[in-house]
Amino acid sequence: MLKKVEIKNFALIESALFEPGEHLTVISGETGAGKSLLIDALGSLTGKRANREVVRTGFDYARVEAVFILTPELQKQNLTRFQEMTDDEQLILSREIYADGGSQARINGRLVNNALLREVSEHLIGLHAQHEQQQIFDLKEQRNLLDNYIGDSITDLLNQWQTLLKSRKIMAEQLREYGLNPAERARQLELLQYQITEITDADLKIDEDRKLLERNKILATLSRMKQDLGQARNILSADSEHGAASLIAQTASMLDYSSHFHEKIGQYQERLKQLATEVSELAINLTDVYLELEAEPNEIETINQRLDQIDKLKIKYGDTIEEILQYLSDAEKRLNILKKSEKLFAQCRADLLINEQKMSELAEKIHRLRIEAGKELSEKISLALAKLAMPNVKFSVEVKLLEKSEKGYYGLFGRDQVEFFIQPNIGEPLLPLNKIASGGEVSRILLAIKSILGENEDLAVLIFDEIDSGVSGNTAISVAQMLREIAANKQVLCVSHMAQVAAASDTHYLIEKSIRNQRTSTQLKKLDLSEKISEVARLLSGNPDDQSAVNLAQEMVRQYKQR
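In this note's numbering, the protein residues as written are 255 to 817.
Following this line, the structure appears as structure tokens:
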């Protein structure tokens, strides 16, 4: 159950603490006081997109934190996920929404992304806002509602269906690949063989194009390089009388006499001899490089032809040699498949037929399950509607098995089209829900559905935002009674403007708007019994001091034995 909610700087709410009761908690207030702000704040904990406009003006962020107590049933149903989040029965969801954009979510203090927050909150909060009155007209939503009523048995079948569907898509793609006519197969075989031969004959080497380009640069400057090397070698060579090595050696010889009488001259003579040797060796090294700079006849032309061949292959098969070789590998695999395609086609077609048979059998099981559950749900909702002052209404869940030509035959959720029908008056035909239901009727139908499905949903709390919209009088009493019935075994929060619903509450909160220090602010106040009677009187007559309204409010509240 939801133990408490703390809200900070959320729109008009500067600070609020909300502690709902165990059963039916009603939130009421004047029009414009911000009754739905509490619902919006709780909605932010379901992972919905955060709108920075909810941050109270003048503050950096809004914060919503909710503390849930996990019942044994909740822990059992969602054991793995909740064990990851907490090691006890308490779970805390929080969300901070920043004025400059973005938000942060936490579960038990641990940062999580919105997807995980949404996944966990789906097991805790059943939020039924006014926009669901439009969602219920959607056939997909109607199918979801029926499947939620059925529960695990259809979930297991749908998981099997989706596995078969995935396999079918893979096999259908393979069948298209294998199922070429003989002429097309021959054409592709010829093309692939030509491509493989063209790439193979080129005998490409990784990085070959880069090395060829570098060699081309060297060849383009070869003549000048050889000229420079030749001149440098001749200047340094010991073979030439005027070469640097010879001249240095001659200089060393000139110091033979003096070196015997002066130590430093002897040292310098030795250094000159070493330099003569080093310069001579350097001249030899330059000669080696000179000899290496030989080019094969027409080498530049040969390299350019090879680069041109590689560029043509790049245009056809890939931007790099690596991509061309990958294309070759893929083409060889494709060629092998085509050579075996007749056999593979036959096998794949047989597998696809088996898959189709399994899907048909499974679709029939799903269909029968939905038909049976649809009848049961129709009866229960019709009975629930009778309690909601719609005694002559007949509600029907129709389940149609789609034909192969119809859209959705290979959909994710079987081959059924589920649609809700309603007969509002005796003697009239059943018509689709969206063709006939008024706003008040839709509110009651939605409540009736939730009263049935709530028994199957392992949720901590059900939240209704003005589910009594469009109803009044005795109908409002019926709505209040049904909310109490749901809340007998489930924690229910309800934003309401109806006195009948407020009177039926086990816990009552009032939302009020006031101006303090030139700022508008919304406060949330838990009402005691006398305050609750006063609020019910206000909802009845608009005047909480009207004694007749107060008397009636007292009587209405007394009708419900508080739990």
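The beta carbon of each residue, even a glycine, is placed where N, CA and C say it ideally should be. Here the structure is a predicted model, which is why all the values come from computation and not from measurement.
For residue i, the three-state DSSP class (helix, strand or coil)
{"i": "Ala-265", "result": "coil"}
{"i": "Asp-342", "result": "coil"}
{"i": "Gly-520", "result": "helix"}
{"i": "Glu-657", "result": "coil"}
{"i": "Phe-272", "result": "strand"}
{"i": "Phe-599", "result": "helix"}
{"i": "Asp-760", "result": "coil"}
{"i": "Arg-770", "result": "strand"}
{"i": "Gln-801", "result": "helix"}
{"i": "Gln-808", "result": "helix"}
{"i": "Gly-796", "result": "coil"}
{"i": "Lys-648", "result": "strand"}
{"i": "Leu-642", "result": "coil"}
{"i": "Leu-778", "result": "strand"}
{"i": "Gln-671", "result": "strand"}
{"i": "Val-309", "result": "strand"}
{"i": "Ile-765", "result": "strand"}
{"i": "Asp-209", "result": "Outside the shown range of the chain, which is 255 to 817, sits residue 209, and nothing can be said about it."}
{"i": "Gln-813", "result": "coil"}
{"i": "Thr-556", "result": "helix"}
Bridge partners - residue i, DSSP secondary structure assignment
{"i": "Leu-631", "result": "DSSP output for Leu-631 lists no bridge partner at all."}
{"i": "Arg-317", "result": "Lys-262 and Glu-350"}
{"i": "Ile-361", "result": "Leu-347 and Arg-364"}
{"i": "Ser-375", "result": "DSSP output for Ser-375 lists no bridge partner at all."}
{"i": "Ile-676", "result": "Phe-649 and Leu-685"}
{"i": "Asp-584", "result": "Answer is none; Asp-584 lacks a bridge partner."}
{"i": "Gln-745", "result": "Val-715"}
{"i": "Gly-665", "result": "Gly-668"}
Spatially closest choice to residue i from the options, by CA coordinates
{"i": "Tyr-403", "options": "Ala-734, Ser-788, Val-651 and Val-749", "result": "Val-651"}
{"i": "Gly-380", "options": "Lys-641, Leu-656 and Leu-256", "result": "Leu-256"}
{"i": "Glu-615", "options": "Arg-669, Leu-545, Glu-452 and Ile-390", "result": "Arg-669"}
{"i": "Asn-679", "options": "Gln-414, Thr-409, Gly-275 and Phe-649", "result": "Phe-649"}
{"i": "Asn-743", "options": "Ala-270, Leu-278 and Gln-801", "result": "Leu-278"}
{"i": "Glu-462", "options": "Ile-557, Glu-452 and Arg-773", "result": "Ile-557"}
{"i": "Ile-564", "options": "Ile-453, Arg-422, Ile-769 and Leu-793", "result": "Ile-453"}
{"i": "Leu-378", "options": "Glu-553, Thr-325, Ser-534 and Gly-363", "result": "Thr-325"}
{"i": "Ser-269", "options": "Leu-526, Leu-778, Gln-801 and Pro-798", "result": "Leu-778"}
{"i": "Ile-351", "options": "Ser-802, Glu-789, Leu-666 and Ala-265", "result": "Ala-265"}
{"i": "Ser-357", "options": "Asp-314, Asn-398, Asp-342 and Glu-517", "result": "Asp-314"}
{"i": "Thr-774", "options": "Glu-260, Ile-267 and Lys-262", "result": "Ile-267"}
{"i": "Ile-460", "options": "Ser-512, Asp-573 and Val-366", "result": "Asp-573"}
{"i": "Leu-490", "options": "Glu-532, Ala-320, Lys-471 and Asn-305", "result": "Glu-532"}
{"i": "Val-653", "options": "Asp-294, Gln-344, Asn-398 and Thr-285", "result": "Asn-398"}
Buried versus exposed call for residue i [16 or more other C-beta atoms within 10 Å across all chains shown]
{"i": "Asn-539", "result": "exposed"}
{"i": "Ser-867", "result": "Past the boundaries of the shown model lies residue 867; the chain is included only from 255 to 817, so the question cannot be answered."}
{"i": "Met-752", "result": "buried"}
{"i": "Tyr-763", "result": "buried"}
{"i": "Asp-760", "result": "buried"}
{"i": "Lys-658", "result": "exposed"}
{"i": "Ala-604", "result": "exposed"}
{"i": "Phe-322", "result": "buried"}
{"i": "Leu-607", "result": "exposed"}
{"i": "Arg-624", "result": "buried"}
{"i": "Val-543", "result": "exposed"}
{"i": "Gln-745", "result": "buried"}
{"i": "Glu-468", "result": "exposed"}
{"i": "Phe-515", "result": "exposed"}
Beta-carbon proximity list for residue i, same chain, < 7 Å, skipping 5 on both sides
{"i": "Val-755", "result": "Val-280, Asp-722, Ala-730, Val-733, Ala-734, Leu-737 and Cys-748"}
{"i": "Ala-702", "result": "Ile-635, Ala-638, Leu-639 and Leu-642"}
{"i": "Ser-375", "result": "Leu-299, Thr-300, Gly-301 and Leu-347"}
{"i": "Ala-627", "result": "Leu-400, Tyr-403 and Ile-404"}
{"i": "Gln-414", "result": "Leu-616"}
{"i": "Asn-368", "result": "Gly-301 and Ala-359"}
{"i": "Gly-662", "result": "Leu-656 and Gln-671"}
{"i": "Leu-291", "result": "Phe-264, Ala-265, Leu-266, Ile-267 and Thr-776"}
{"i": "Leu-536", "result": "Leu-490"}
Sequence-distant residues of the same chain with beta carbon closer than 6 Å to residue i, five excluded per side
{"i": "Glu-395", "result": "Gln-389"}
{"i": "Ala-617", "result": "Gly-668 and Arg-669"}
{"i": "Tyr-814", "result": "Ala-758"}
{"i": "Arg-443", "result": "Inspection of the sequence shows that residue 443 is occupied by Leu rather than by Arg. The answer, listed in chain order, is Leu-592."}
{"i": "Leu-271", "result": "Glu-260"}
{"i": "Leu-707", "result": "Asn-402 and Tyr-403"}
{"i": "Ser-595", "result": "Tyr-432"}
{"i": "Lys-527", "result": "Ala-506"}
{"i": "Ala-295", "result": "Ile-261, Phe-264 and Val-318"}
Own chain partners of residue i with C-beta closer than 8 Å, once the 5 adjacent residues on each side are dropped
{"i": "Val-811", "result": "Ala-757, Leu-783, Lys-786, Ile-787 and Val-790"}
{"i": "Lys-619", "result": "Leu-411"}
{"i": "Leu-598", "result": "Gln-428, Tyr-432 and Ile-591"}
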